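Trainee:
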Ligand SMILES: Cc1cc2nc3c(=O)[nH]c(=O)nc-3n(C[C@H](O)[C@H](O)[C@H](O)COP(=O)(O)OP(=O)(O)OC[C@H]3O[C@@H](n4cnc5c(N)ncnc54)[C@H](O)[C@@H]3O)c2cc1C
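Numbering (the numbering used here), first residue to last: 136 to 548.
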C-alpha cells in the first residue's frame, strides 16, 4: 500500500488546495452550512459552488474534456474530494448527476445527446435523479414493475418509484422500466432518460423524521418518452443499470460529521456530574473504539487509492468502508447526544451548532445504512466476493417475470 502521493498526485493536490484556498470557505468559519439540510437556499448555493468548480476545471475531473470535464483520473477526483472536505461547502446534490447519470450517458447516449446533456450537467444547470427503486424493488432491483410499452416512435410509461432523492428539484432523470414481463427477471428491462417536466410525472415529497424531505414518491402515469431517449437496447436495461450502479460508489474523500474529531472535541469540552467527560473511563473506551475504526477506514481508503493509482479497479473494500462508516456515524451521533444530556435535544444550528450536528446525524444516519446498498447487502458482497462463501440460492433465475410470486424471491445480485 502506498501512503504517499506520487509526484504527479502531489502536484495535482497542491493545485486543488490552492484553488480551494482562493475560492472556498474554511470549515470552522461556517460549520453550520453542512447541517441545514432542509434550507431552501441549499440548491441554489450548491449550483453556485458547482458552477465555480466547473469554471475552475474541477467539476467532472475524471471525465473527458470534450464534454466539459478535466480529462483527469478517478484518483484525482478522490484527491480533490479529500481537499474539498476541509471546506464548508454546500451538500453535494450532484452525486447522482455526475457520478451515475454522466457515466451512463457517456457509455450509451448518441454523440449529439452527450454534447447536449453532459456539459450542462457538469456545470450544474441540469440536476438528475435516479428513478430505480420501487415499493417492491430495492435490494432486489430487478424485481421492478414500472411498465414501458412501445407506441409508434414513443414509449408509454406507467408505474411508481419511491425513495427518489432530489426528485423535487431535479431537472432530468434516469429510469429503469419493465418492457417485457414475459422474459425472466433480469431480461425484459429497458432504460431511458427523461425530462422531469414531462407530462404525467407526479412528485410527492416524503417527510422524514428529521422534518426534511430529501426523497420522494414519483408516480408515472402515461408518461410518453421518445424512443431516442432509450439508453441501450430494448430488453438490455439491466446491463445499463449495472453501468450506473458500478459508478455509484467511487471511493470518496468525504468525512461526514460527526466523526472521531467531533466526538473527541465534544468529550474534551463537556463536564459531567463526575467531572470532565474526557476523563471518564467509559467515554475513553468508546473513543478508543471509534479511533480504531476511523483509522481502519482511512487505511482501507488508502488501499483503494493505491489500486486506482496503479490503474486497477478498487475491490470490495468499499463495502467494508460503507458498512463500518455508516454504523459508526449513527453510534457516535447517539453517544454525543447522550453526553450533552438535555442540551442534546437542541436541533437548530443557529442556537446550538454542536447539538444540531449530532442530532441531525442521528436522524439521518439510519438512512445511510440503507441507501446505495443496505448493511445486509454489503455483508452479502463481502461474504460472497471476499470470503468466497456460497452464493444465495436464485430460485427465480429461469422463471418468466410474470410467473413470479411478488415478494417471495431474492436474486442475490
Ligand atoms: C436516504 C436514501 C436515499 C435513497 N435514494 C434513492 C434514489 O435516489 N433512487 C433510488 O432509486 N433509490 C433510492 N433509495 C432506495 C434504496 O436504494 C433502497 O432503499 C435500498 O436499495 C433498499 O431497498 P428497500 O428499501 O426496498 O429494502 P429491501 O430491499 O426490501 O430490504 C428490506 C430489508 O431486507 C434486507 N434484505 C433484502 N435483501 C436481502 C438479502 N438478499 N439478504 C439479506 N437481507 C436482505 C435489507 O438489508 C433490509 O434490511 C434511497 C434510500 C435511502 C434510505
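A virtual CB, placed ideally from N, CA and C, is assigned to each residue, including glycine.
Predicted, not measured: the structure shown is a model, and the values here were computed from it.
1) Please state if the CB of residue 393 and the CB of residue 342 are separated by a distance shorter than 9 angstroms.
2) For ligand 1, any of its heavy atoms closer than 8 angstroms to the Cβ of residue 272?
3) Below 8 angstroms on the Cβ atoms is my guess for residue 432 versus residue 460; work out the distance and round it to an integer in Å.
4) On the DSSP bridge list, what partners appear for residue 455?
5) Name the DSSP bridge partner or partners of residue 272?
6) Using a Cβ-Cβ cut-off of 7 angstroms (strictly less than) and excluding sequence neighbours within five positions of residue 366, which residues of its own chain qualify?
7) Is residue 450 buried or exposed, if buried means 16 or more other CB atoms sit within 10 Å of its CB?
8) Indicate the three-state DSSP secondary structure (helix, strand or coil) for residue 394 in the structure shown.
9) For residue 561, collect the residues of the same chain with a Cβ closer than 7 angstroms to its Cβ; drop the 5 residues on either side in sequence, then sort them by chain order.
10) Where DSSP assigns a beta bridge to residue 353, which residues make up the other side?
11) Please report how far the alpha carbon of residue 457 lies from the alpha carbon of residue 513, in whole angstroms.
12) Just mark residue 416 as buried or exposed, buried being the case when its beta carbon has 16 or more other beta carbons within 10 Å.
13) Helix, strand or coil for residue 479, going by three-state DSSP, please let me know.
14) Could you have a look at residue 510 and say whether DSSP puts it in helix, strand or coil?
15) Give the single residue among 399, 318, 152, 346 whose Cα lies nearest to the Cα of residue 533.
16) To the nearest angstrom, how far is it from the Cα of residue 422 to the Cα of residue 295?
17) Specify, as a first and last residue, the run of the beta strand (DSSP E) that residue 498 falls within.
18) So for residue 148, helix, strand or coil by DSSP?
19) Regarding residue 373 and ligand 1, is the C-beta to nearest heavy atom distance less than 8 angstroms?
20) Identify, in the order they occur along the chain, each residue of the same chain with its Cβ nearer than 8 angstroms to the Cβ of residue 177, setting aside the five sequence neighbours on each side.
21) Tell me which residues share the same chain as residue 395 and place their Cβ nearer than 7 angstroms to its Cβ, disregarding the 5 neighbours each side in the sequence.
22) Taking DSSP as the reference, what is the three-state secondary structure of residue 439?
23) Below 8 angstroms on the Cβ atoms is my guess for residue 312 versus residue 282; work out the distance and round it to an integer in Å.
24) Can you tell me which of the three DSSP states residue 178 falls into?
25) Rounded to a whole number of angstroms, what is the C-alpha to C-alpha distance between residue 547 and residue 350?
26) Could you check whether residue 373 and residue 277 sit closer than 9 angstroms to each other, using their CB atoms as the reference points?
27) How far does the alpha helix (DSSP H) with residue 213 in it reach, from first residue to last?
28) Indicate the three-state DSSP secondary structure (helix, strand or coil) for residue 326 in the structure shown.
29) For residue 232, name the three-state secondary structure that DSSP assigns.
30) If you drop the 5 nearest sequence neighbours on each side, which residues of the same chain put their C-beta closer than 6 angstroms to that of residue 191?
31) Find the nearest neighbour of residue 182 within the set 306, 462, 361, judged by alpha-carbon distance.
32) Per DSSP, residue 222 is paired with what?
33) Tell me which residues share the same chain as residue 402 and place their Cβ nearer than 6 angstroms to its Cβ, disregarding the 5 neighbours each side in the sequence.
34) Take the Cβ of residue 149 as the centre, count every other Cβ of all protein chains shown within 10 Å, and call the residue buried at 16 or more, exposed below.
35) Given a cut-off of 9 angstroms on the beta-carbon distance, is the pair residue 210 and residue 363 in contact?
36) Just mark residue 526 as buried or exposed, buried being the case when its beta carbon has 16 or more other beta carbons within 10 Å.
Mentor: This is what the structure gives:
1) Along the chain shown, one-based indexing puts residue 342 at 207. Along the chain shown, one-based indexing puts residue 393 at 258. No, the Cβ-Cβ distance between residue 342 and residue 393 is not below 9 angstroms.
2) Here the question's residue 272 lines up with position 137 in the chain shown. Indeed, a heavy atom of ligand 1 lies less than 8 angstroms from the Cβ.
3) Counting from 1 along the chain shown, the entry for residue 432 is found at position 297. Counting from 1 along the chain shown, the entry for residue 460 is found at position 325. So it is a contact: roughly 5 angstroms between Cβ atoms.
4) Indexing the chain shown from 1 puts residue 455 at position 320. None, per the DSSP bridge assignment.
5) For this step, residue 272 is matched to residue 137 along the chain shown. DSSP lists 269 as partners of residue 272.
6) If you number the chain shown from 1, residue 366 lands on position 231. The answer, listed in chain order, is 239, 243, 244, 326, 327, 328, 375.
7) Translated into the one-based positions of the chain shown, residue 450 becomes position 315. It is exposed - the Cβ of residue 450 has fewer than 16 other Cβ atoms within 10 Å.
8) Position 259 of the chain shown, counted from the start, is the residue given in the question as residue 394. If DSSP states are grouped into helix, strand and coil, residue 394 belongs with coil.
9) Any property of residue 561 remains undetermined from this structure, which presents the chain solely from 136 to 548.
10) Indexing the chain shown from 1 puts residue 353 at position 218. In the DSSP output, where bridge partners are listed per residue, residue 353 has 296, 338.
11) As a first step, residue 457 must be located in the chain shown, where it is residue number 322. As a first step, residue 513 must be located in the chain shown, where it is residue number 378. So the two alpha carbons sit approximately 8 angstroms from each other.
12) One-based indexing of the chain shown puts residue 416 at position 281. Per the 10 Å Cβ criterion, exposed.
13) Sequence index remark: in the chain shown, residue 479 carries index 344 (1-based). The answer is helix: DSSP assigns residue 479 an H, G or I state.
14) Reading the chain shown from its first residue, position 375 is the one you call residue 510. Helix at residue 510.
15) Indexing the chain shown from 1 puts residue 533 at position 398. Nearest C-alpha to residue 533: 318.
16) Sequence index remark: in the chain shown, residue 422 carries index 287 (1-based). Sequence index remark: in the chain shown, residue 295 carries index 160 (1-based). For residue 422 and residue 295, the distance between alpha carbons rounds to 44 angstroms.
17) Residue mapping note: residue 498 aligns to position 363 of the chain shown, counting from 1. That residue, residue 498, is in no beta strand (DSSP E); its alpha helix (DSSP H) goes 488-503.
18) Stepping through the chain shown from its first residue, residue 148 is reached at position 13. Here residue 148 sits in helix by DSSP.
19) On the chain shown, residue 373 is found 238 positions in, with the first residue counted as 1. No - ligand 1 has no heavy atom lying nearer than 8 angstroms to the Cβ of residue 373.
20) Counting from 1 along the chain shown, the entry for residue 177 is found at position 42. So the qualifying residues of the chain are 171, 225, 226, 228.
21) If you number the chain shown from 1, residue 395 lands on position 260. Taken in chain order, the residues that qualify are 425, 426, 429.
22) Start at 1 with the first residue of the chain shown, and residue 439 comes out as number 304. In the structure shown, residue 439 sits in a helix (DSSP, three-state: H, G or I).
23) Position 177 of the chain shown, counted from the first residue, corresponds to residue 312. Position 147 of the chain shown, counted from the first residue, corresponds to residue 282. Yes, residue 312 and residue 282 are in contact; Cβ-Cβ is about 6 angstroms, under 8 angstroms.
24) As a working mapping, residue 178 is identified with position 43 in the chain shown. Correct three-state label for residue 178: helix.
25) As a position in the chain shown, residue 547 is number 412, starting the count at 1. As a position in the chain shown, residue 350 is number 215, starting the count at 1. Note that residue 547 scores 35 on pLDDT, short of 50, meaning its location in the model is unreliable and no value can be drawn from it.
26) Position 142 of the chain shown holds residue 277. Position 238 of the chain shown holds residue 373. Yes, they are a contact pair.
27) Here residue 213 is taken as the residue at index 78 of the chain shown, counted from 1. It spans 209-219 - the alpha helix (DSSP H) in which residue 213 sits, taken as one unbroken run.
28) Walking along the chain shown from the start, residue 326 turns up at place 191. Looking at residue 326 - three-state DSSP - the assignment turns out to be strand.
29) Position 97 of the chain shown, counted from the start, is the residue given in the question as residue 232. Residue state, collapsed to three classes: helix.
30) As a first step, residue 191 must be located in the chain shown, where it is residue number 56. 154.
31) Taking the first residue of the chain shown as 1, we reach residue 182 at position 47. Here the closest residue by C-alpha is 306.
32) Translated into positions along the chain shown, residue 222 becomes position 87. In the DSSP output, where bridge partners are listed per residue, residue 222 has 161.
33) Here residue 402 is taken as the residue at index 267 of the chain shown, counted from 1. Here the set comprises 412, 413, 418.
34) Position 14 of the chain shown, counting from 1, holds the residue named residue 149. Label assigned to residue 149: exposed.
35) Taking the first residue of the chain shown as position 1, residue 210 is located at position 75. Taking the first residue of the chain shown as position 1, residue 363 is located at position 228. Taking 9 angstroms as the Cβ cut-off, residue 210 and residue 363 do not qualify as a contacting pair.
36) What you label residue 526 is simply residue 391 of the chain shown in a count that begins at 1. So residue 526 counts as exposed.
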